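Novice: So that we are looking at the same thing, I have put the structure below in C-alpha cells.
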Amino acid sequence: MFRIFFIAETGTGVARIQAGLVRCGLACTTVTNVADALERLAEEAPHLILIEITYPERLREVVAEIKQVRQVPVIALVPREMLPRLDASPETDDFVIKSDDPAELVLRIKRLADKAQRASAGELIMVRDLVIDTARCEVTVGGRLTGLTFREYELVKFLASHPGQVFSREALLDKVWGYDFFGGDRTVDVHVRRLRSKIEDATHDFIETVRNIGYRFKES
1 MFRIFFIAET GTGVARIQAG LVRCGLACTT VTNVADALER LAEEAPHLIL
51 IEITYPERLR EVVAEIKQVR QVPVIALVPR EMLPRLDASP ETDDFVIKSD
101 DPAELVLRIK RLADKAQRAS AGELIMVRDL VIDTARCEVT VGGRLTGLTF
151 REYELVKFLA SHPGQVFSRE ALLDKVWGYD FFGGDRTVDV HVRRLRSKIE
201 DATHDFIETV RNIGYRFKES
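Here our numbering is used: position 122 in the sequence shown is 122, and no number is missing along the way.
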C-alpha cells in the first residue's frame, strides 16, 4: 500500500484530511511535531510526505530538513492566501490548497506516485561522470552522491535523457512540473541554479544556458 507521512504542524482539520486519504486507499501516518517527525522518518520509509505549514519561510526550513533525511516527494498543503508567496519555496515538489474535499490532494499524490513508480522500473543514465540511477532515484557525480530534491532529480533526469536538445522554460515547466503547476518561469531558473550548485564544479559542466531560449544538457 502507498504510504504517506503527514506532518501537520497546525493540527487544524488533520483527522478529516487523514480520514479522506484512508477512504481513498492510502495509508497515512500523522505527526504534529516536526522534531518527532524527522526522528521517525529516519526509521520509516514513506513513499510521499504531506506537510501542512502556514508560513513559506517555515515551509522552506522544514522541507530542507526533510530532504536531509528522506529523498521522497513532498506536497505542501497550504491556505489560499499563501499562493502569491509559493514561488519562493521551490524545494517543495507540489502543493494543494487546503479544503474539506480530498479529491485534488489524492489526484496529485497519485500523480507523483505514478512518476516514482515509473522511475523504479528504469535504468542507468550516464553522461561522463554523472550517473542517474532511476531505480534508486539517486544521482552521483564522480562517484559522489548528490543530495538532490525530488524536483531537482526530475529536472536533471529529463535534461540528461535529451542531451543536446534545447528546452524553453515553458517546456520544462510542462514536462517536469506539469501543465497544472502554479508558478512562473523563475521557478525553472531557481531549480537550475540549485541543481548546478550540486552537480557542477571546476571539472564538471553539464547544463548550458541558451540565451533568450532556455537550457540544454551538454552532449558527451
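A virtual CB, placed ideally from N, CA and C, is assigned to each residue, including glycine.
None of these values were measured; they are calculated from a predicted model.
For residue 172, which option in 69, 216 and 96 has the closest C-alpha, if you only look at C-alpha atoms?
Specialist: The shortest C-alpha separation from residue 172 is found at 216.
Novice: Assess, as a yes-or-no matter, whether the region 21-28 is touched by the region 61-68 under the definition of 3 or more beta carbon pairs within less than 8 Å.
Specialist: Short answer: they don't touch.
Novice: Does the separation of the CB atoms of residue 74 and residue 49 fall below 8 Å?
Specialist: Result yes, Cβ atoms of residue 74 and residue 49 sit closer than 8 Å.
Novice: Note down the Cα distance separating residue 57 from residue 193, rounded to an integer number of angstroms.
Specialist: If you take the alpha carbons of residue 57 and residue 193, they lie about 20 Å apart.
Novice: Please report the residue range of the alpha helix (DSSP H) in which residue 221 lies.
Specialist: Residue 221 lies beyond the stretch modelled for the chain, which goes from 1 to 220, so this question has no answer here.
Novice: Would you say residue 73 touches the ligand ADP, meaning its beta carbon is less than 7 Å from a heavy atom?
Specialist: For the ligand ADP, the structure offers nothing, since it holds no ligand at all.
Novice: For residue 201, count neighbouring Cβ atoms within 10 angstroms of its own Cβ and tell me buried if that reaches 16, exposed if not.
Specialist: Label assigned to residue 201: exposed.
Novice: Considering only the beta carbon of each residue, do residue 3 and residue 41 sit closer than 8 Å?
Specialist: Cβ distance not < 8 Å, so residue 3 and residue 41 don't count as in contact.
Novice: Less than 8 Å separating the beta-carbons of residue 196 and residue 185?
Specialist: Not in contact: residue 196 and residue 185 (Cβ atoms no closer than 8 Å).
Novice: May I ask you to report which of helix, strand or coil DSSP gives residue 205?
Specialist: Residue 205 falls in the coil class under three-state DSSP.
Novice: Classify residue 50 as helix, strand or coil using the three-state DSSP reduction.
Specialist: In the structure shown, residue 50 sits in a strand (DSSP, three-state: E or B).
Novice: Going along the chain, which residues of its own chain have a beta-carbon closer than 7 Å to the beta-carbon of residue 9, five neighbours each way excluded?
Specialist: Counting only Cβ-Cβ distances below 7 Å, and skipping sequence neighbours, we find 32, 34, 52 and 53.
Novice: In this structure, does DSSP put residue 43 in helix, strand or coil?
Specialist: If DSSP states are grouped into helix, strand and coil, residue 43 belongs with coil.
Novice: With a cut-off of 8 Å on the beta carbons, I'd call residue 155 and residue 206 a contact; round off their distance for me.
Specialist: Their Cβ separation, rounded to whole angstroms, is 12 Å, which puts residue 155 and residue 206 out of contact at 8 Å.
Novice: Of all the options 151, 107 and 204, which has the alpha carbon lying nearest to the alpha carbon of residue 190?
Specialist: Closest by alpha carbon: 151.
Novice: State the Cα-Cα distance for the pair residue 93 and residue 211, rounded to the nearest angstrom.
Specialist: So the two alpha carbons sit approximately 27 Å from each other.
Novice: Can you grab the Cα-Cα spacing for the pair residue 149 / residue 139, in whole Å?
Specialist: So the two alpha carbons sit approximately 11 Å from each other.
Novice: According to DSSP, simplified to helix, strand and coil, what is residue 76?
Specialist: Residue state, collapsed to three classes: strand.
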